[in-house]
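K.L.:
Got a structure for you, written out below as structure tokens; questions coming shortly.
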Amino acid sequence: MTTLALILVLLGSAAHSGWNLLLKRSDNKEIFVWSLLVGSSLLLAPLGAVLFWLNPIPPPGYWLVLATIVVHVYYFVLLGRGYARGDLSLVYPIARGIGPMLVPVLAVLTLGEQIAWPAVLGIVSIVVGIYIVSWWGRFRDIVSRPLSFLRDGGIRYAILTGLTITVYTLVDKRGVEHVQPILYMYLLTIGVAVGLAPYILRNYGWAPVVREWRAHTWPILVAGLLVFVAYGLALTALSLSRVSYVAPAREVSIVIGVLAGVVILKEPFGGGRLLGSCLILVGLVLIAVSP
Numbered sequence: 030m031t032t033l034a035l036i037l038v039l040l041g042s043a044a045h046s047g048w049n050l051l052l053k054r055s056d057n058k059e060i061f062v063w064s065l066l067v068g069s070s071l072l073l074a075p076l077g078a079v080l081f082w083l084n085p086i087p088p089p090g091y092w093l094v095l096a097t098i099v100v101h102v103y104y105f106v107l108l109g110r111g112y113a114r115g116d117l118s119l120v121y122p123i124a125r126g127i128g129p130m131l132v133p134v135l136a137v138l139t140l141g142e143q144i145a146w147p148a149v150l151g152i153v154s155i156v157v158g159i160y161i162v163s164w165w166g167r168f169r170d171i172v173s174r175p176l177s178f179l180r181d182g183g184i185r186y187a188i189l190t191g192l193t194i195t196v197y198t199l200v201d202k203r204g205v206e207h208v209q210p211i212l213y214m215y216l217l218t219i220g221v222a223v224g225l226a227p228y229i230l231r232n233y234g235w236a237p238v239v240r241e242w243r244a245h246t247w248p249i250l251v252a253g254l255l256v257f258v259a260y261g262l263a264l265t266a267l268s269l270s271r272v273s274y275v276a277p278a279r280e281v282s283i284v285i286g287v288l289a290g291v292v293i294l295k296e297p298f299g300g301g302r303l304l305g306s307c308l309i310l311v312g313l314v315l316i317a318v319s320p
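Laid out in structure tokens, this is it:
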């Protein structure tokens, strides 16, 4: 993995944890998500227009943008519902943990990528660390009562969110081969904002939207910019390195997310989450030194 790609991934991971923290602290998670996308689309409209003018998009690019918009609509709805039902330090690691487990395998099978052995060990370390962070102290319950475990709304939506992350990561690896990464991110942002509008307005109406904006104007705008920065950097890293390396490396954000949940939201923290976080960091180092 190149040094530049690693730096982009680390910066993007910090931004990703930041907007997830702001989302968790909001009143209405689904309205907040939609609002931050609308706010980001409006604030960055001049940048989007310039990039669109300077970077013509070939036909395959439009289809890939449309595909990622559809998947991201589901992603944001599921993520908002997960945070409405579970802790940041539980939902975030599980949602982010599905991708590193599935993306490298699917990247080898569908994209023809090859993974060096240090990176394989790094990916395994990250995946194990994620599940230790998420499920430490609950392994016996998971084995003895798996269906009961999955009845937890926060966990169920976190798993579904992780599946959407797997899909859009693979789509976006192809997308940035045809569309300039920052332009791709802007089209994704405005597309999801438009795609979510009927769902939000049908289920909530305008009054709750106005209340959310009045109560959280600055967090909405800051979160909107962080979303754009976080995934814009990730897309740029995808254009520079293998998706089977970038997807797991991004999950250093889990360590930041868990720490934010513990320090800022006063969520519980124990030895399991410390051990899991260390394994994630070890995995990141192994991927970083892999050719």
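Using the numbering used here, the letters of the sequence shown map in sequence onto residues 30 to 320. All C-beta atoms in this analysis are idealised placements derived from N, C-alpha and C, irrespective of residue type, glycine included. Since this is a predicted model, take the numbers as computed values, not measurements.
Counting Cβ pairs closer than 8 angstroms, one from the segment 58-66 and one from the segment 126-143, do we hit at least three?
P.N.:
no
K.L.:
Under 8 angstroms, with one C-beta from each stretch per pair, do the segment 75-86 and the segment 225-239 reach the 3-pair mark?
P.N.:
no
K.L.:
Check whether the segment 31-39 and the segment 275-288 touch, using three or more Cβ-Cβ pairs below 8 angstroms as the test.
P.N.:
yes
K.L.:
Spell out whether any CB of chain B is found under 8 angstroms from the CB atom of Q143.
P.N.:
In the displayed structure, chain B is absent; only one protein chain is listed.
K.L.:
Grouping DSSP H, G and I as helix and E and B as strand, with all else coil, what is R271?
P.N.:
In the sequence shown, the residue the question calls residue 271 occupies position 242. Looking at R271 - three-state DSSP - the assignment turns out to be coil, as it is neither helix nor strand.
K.L.:
Report yes if the CB atom of G183 is closer than 8 angstroms to the CB atom of L313, and no otherwise.
P.N.:
Here residue 183 refers to the residue found at position 154 of the sequence shown. Here residue 313 refers to the residue found at position 284 of the sequence shown. Going by C-beta atoms, G183 is not nearer than 8 angstroms to L313.
K.L.:
In chain order, which beta strand (DSSP E) runs of at least 3 residues are fully inside the segment 40-84?
P.N.:
Fully enclosed beta strand (DSSP E) runs of no fewer than 3 residues are not present anywhere in the segment 40-84.
K.L.:
If you pair each beta-carbon of the segment 265-273 with each one of the segment 139-148, do three or more pairs fall below 8 angstroms?
P.N.:
yes
K.L.:
Identify, in the order they occur along the chain, each residue of the same chain with its Cβ nearer than 6 angstroms to the Cβ of V221, setting aside the five sequence neighbours on each side.
P.N.:
Here residue 221 is taken as the residue at index 192 of the sequence shown, counted from 1. Taken in chain order, the residues that qualify are L66, I98, H101 and V102.
K.L.:
Look at the alpha carbon of Y215 and the alpha carbon of I249, and state the distance between them as a whole number of angstroms.
P.N.:
Residue mapping note: residue 215 aligns to position 186 of the sequence shown, counting from 1. Residue mapping note: residue 249 aligns to position 220 of the sequence shown, counting from 1. Going by the C-alpha atoms only, they are around 17 angstroms apart.
K.L.:
What would DSSP say about Y233, mapped onto helix, strand or coil?
P.N.:
To locate residue 233, count along the sequence shown from 1; it is residue 204. In the structure shown, Y233 sits in coil (DSSP, three-state: anything other than H, G, I, E or B).
K.L.:
Once DSSP output is grouped into helix, strand and coil, what is the label at S154?
P.N.:
As a working mapping, residue 154 is identified with position 125 in the sequence shown. DSSP places S154 in helix when its eight states are reduced to three.
K.L.:
Throw me the rounded Cβ distance for the Y213 and V94 pair, which I believe falls under 8 angstroms.
P.N.:
Numbered from its first residue, the sequence shown carries residue 213 at position 184. Numbered from its first residue, the sequence shown carries residue 94 at position 65. With 8 angstroms as the limit, Y213 and V94 qualify as a contact, their Cβ atoms being about 7 angstroms apart.
K.L.:
From this set, F257, V311 and C307, which residue's C-alpha is nearest A43's C-alpha?
P.N.:
As a working mapping, residue 43 is identified with position 14 in the sequence shown. Taking only the C-alpha atoms, the option nearest A43 is F257.
K.L.:
Which residue comes first and which comes last in the alpha helix (DSSP H) that contains D181?
P.N.:
As a working note, residue 181 is residue 152 in the sequence shown. Neither: D181 is in no alpha helix (DSSP H) and is coded neither H nor E.
K.L.:
Quick check on DSSP: helix, strand or coil for V208?
P.N.:
Taking the first residue of the sequence shown as 1, we reach residue 208 at position 179. DSSP places V208 in coil when its eight states are reduced to three.
K.L.:
Would you call the CB atoms of L52 and F61 closer than 8 angstroms?
P.N.:
Translated into the one-based positions of the sequence shown, residue 52 becomes position 23. Translated into the one-based positions of the sequence shown, residue 61 becomes position 32. A contact, by the Cβ cut-off of 8 angstroms.
K.L.:
Report, in whole angstroms, the separation of the C-beta atoms of I194 and Y104, which I expect to be a contact under 8 angstroms.
P.N.:
Against the sequence shown, residue 194 aligns to sequence position 165. Against the sequence shown, residue 104 aligns to sequence position 75. At roughly 7 angstroms, the Cβ-Cβ gap stays under 8 angstroms, so I194 and Y104 are in contact.
K.L.:
With distances taken from CA atoms, which of V275, V208, P87 and P122 is nearest Y186?
P.N.:
For the purposes of this step, residue 186 is identified with residue 157 of the sequence shown, where counting begins at 1. Ranking the options by Cα distance to Y186, first place goes to P122.
K.L.:
Which residue marks the beginning of the alpha helix (DSSP H) containing G15, and which one marks its end?
P.N.:
Only positions 30 to 320 of the chain appear in this structure, which leaves residue 15 out of reach.
K.L.:
Going by CA-CA distance only, name the one from G305, G90, D181 and L310 that's closest to I159.
P.N.:
Start at 1 with the first residue of the sequence shown, and residue 159 comes out as number 130. Measuring from the Cα of I159, the nearest candidate turns out to be G305.
K.L.:
What would DSSP say about G301, mapped onto helix, strand or coil?
P.N.:
Start at 1 with the first residue of the sequence shown, and residue 301 comes out as number 272. G301 falls in the helix class under three-state DSSP.
K.L.:
Does the distance from the CB of S9 to the CB of L308 come in under 8 angstroms?
P.N.:
With the chain represented from 30 up to 320, any question about residue 9 goes unanswered, as that position is not in the structure.
K.L.:
Under the assumption that D201 contacts L267 (Cβ atoms under 8 angstroms), give the Cβ distance between them as a whole number of angstroms.
P.N.:
As a working mapping, residue 201 is identified with position 172 in the sequence shown. As a working mapping, residue 267 is identified with position 238 in the sequence shown. Confirmed, about 6 angstroms.
K.L.:
Is it right to say I161 is buried, meaning 16 or more other beta carbons lie within 10 angstroms of its own, or is it exposed?
P.N.:
Numbered from its first residue, the sequence shown carries residue 161 at position 132. Classification for I161: buried.
K.L.:
According to DSSP, is V318 part of a helix, a strand, or is it coil?
P.N.:
As a working mapping, residue 318 is identified with position 289 in the sequence shown. It is coil, neither helix nor strand.
K.L.:
Determine the DSSP secondary structure at D116, reduced to helix, strand or coil.
P.N.:
What you label residue 116 is simply residue 87 of the sequence shown in a count that begins at 1. D116 falls in the coil class under three-state DSSP.
K.L.:
Rounding to the nearest angstrom, what Cα-Cα distance links L72 and W146 in this structure?
P.N.:
Translated into the one-based positions of the sequence shown, residue 72 becomes position 43. Translated into the one-based positions of the sequence shown, residue 146 becomes position 117. Looking at the two C-alpha atoms, the distance is approximately 43 angstroms.
K.L.:
Residues in the same chain with beta-carbon distance under 8 angstroms from V311, minus the five sequence neighbours each way, listed in chain order, please.
P.N.:
Residue numbering aside, residue 311 sits at position 282 when the sequence shown is read from its first letter. Counting only Cβ-Cβ distances below 8 angstroms, and skipping sequence neighbours, we find G151, S154 and G158.
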